[in-house]
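A quick write-up on the structure given underneath.
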Amino acid sequence: MIDPDGYRPNVAIVLMHPDGRVFWARRIRRDGWQFPQGGMNSDETPTEAMYRELREETGLLPEHVDVLGSTPGWLRYRLPPRAVRRHERMVCIGQKQVWFLLRFTGEESDLKLDLTDSPEFDHWRWVDFWYPLEHVVNFKRSVYADALRHLAPFARQVAGAQAIPPMSLEPRRWSRFGGRRRPPGPRSAGGPGAGAGSGSESGQN
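Below you can see the structure in the form of structure tokens.
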């Protein structure tokens, strides 16, 4: 499903541990790490699509999470030109997303990346809240910043201000324009695998 402007409706999920760390996963057969996300079906609401994607990509059910908040309206990002499939009948130039912040209330054994025949991820870990801004593929950084900035107040209500410092106290640490120190990295692994890479530039999922 693609809208008249060429954007595919999509949901994105920030799954947060009660201590403020967030679920960060590596796309299967690629070196790209990201939050769970996926396209909406034409008959779904954003909330329905979120729960479906949560199950398909992480193995979690509604009873394993609490919804803490979501972004109002759509957040958009464009795909890099080389990722746009111009030969298709409906050309997708980017994604428009509703983001959800979920508190993880289950056990780590509830996380199952291989629940479907075509899993999206092969490794995952818990990372500090702002860590993805430094490590997501470049063309998604702006929308990640907008989404996390909006969701941070909801996260602080659970994890506290120390776990989720204001973004203004970490100026440009996530910027691609060099010379800045990186944000804190993963404090503990939530699954096998190496550190987060800069990632593939495919954003079609």
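Basically my numbering = 1-based index in the sequence shown + 107. No residue lacks a Cβ here, since even glycine has one placed at the ideal position from N, Cα and C.
Query	Result
Residues of its chain near W206, where Cβ-Cβ distance is below 6 Å and the 5 sequence neighbours each way are ignored	A119, T178, A254
Rounded C-alpha distance that separates W231 from H257	24 Å
Proximity below 9 Å, CB of R159 to CB of D229	no
Cβ contact check for the stretch 109 to 125 and the stretch 137 to 151: 3 or more pairs under 8 Å	yes
Status (buried if at least 16 other CB within 10 Å, exposed otherwise) for Q269	exposed
Residues near G286 by beta carbon distance below 6 Å, same chain, minus five either side	Legend: pLDDT at G286 = 30, less than 50; position of this residue unreliable, value from coordinates given subsequently. Same-chain partners within the cutoff: there are none.
CB of I109 within 9 Å of CB of V198, strictly	yes
Nearest candidate by alpha-carbon position, reference P226, set W181, R136, N117, W131	R136
Beta-carbon proximity of G166 to L222, cut-off 9 Å	yes
Cβ distance (whole Å) where K247 is taken to contact P116 below 8 Å	Not confirmed; about 16 Å, so no contact.
Cβ-Cβ separation, V265 to L209 (assumed contact under 8 Å), whole Å	Actually they do not touch by this definition, with Cβ atoms about 11 Å apart.
Through-space distance from S149 to T212, alpha-carbon basis	30 Å
Residues of its chain near D112, where Cβ-Cβ distance is below 7 Å and the 5 sequence neighbours each way are ignored	none
Backbone CA spacing between L186 and R193 [nearest angstrom]	12 Å
Euclidean distance between Cα positions of T154 and P188	30 Å
Contacting residues, own chain, Cβ-Cβ under 6 Å from G127 (five flanking each side not counted)	F236, A266, A270, I271
Cβ-based burial, L161 [other Cβ within 10 Å; buried from 16]	buried
Boundaries of the alpha helix (DSSP H) in which D217 is found, first to last residue	Run containing D217: none; DSSP gives neither H nor E here.
Distance CB(L220)-CB(A132) smaller than 9 Å	yes
C-alpha gap between I200 and R263, whole angstroms	34 Å
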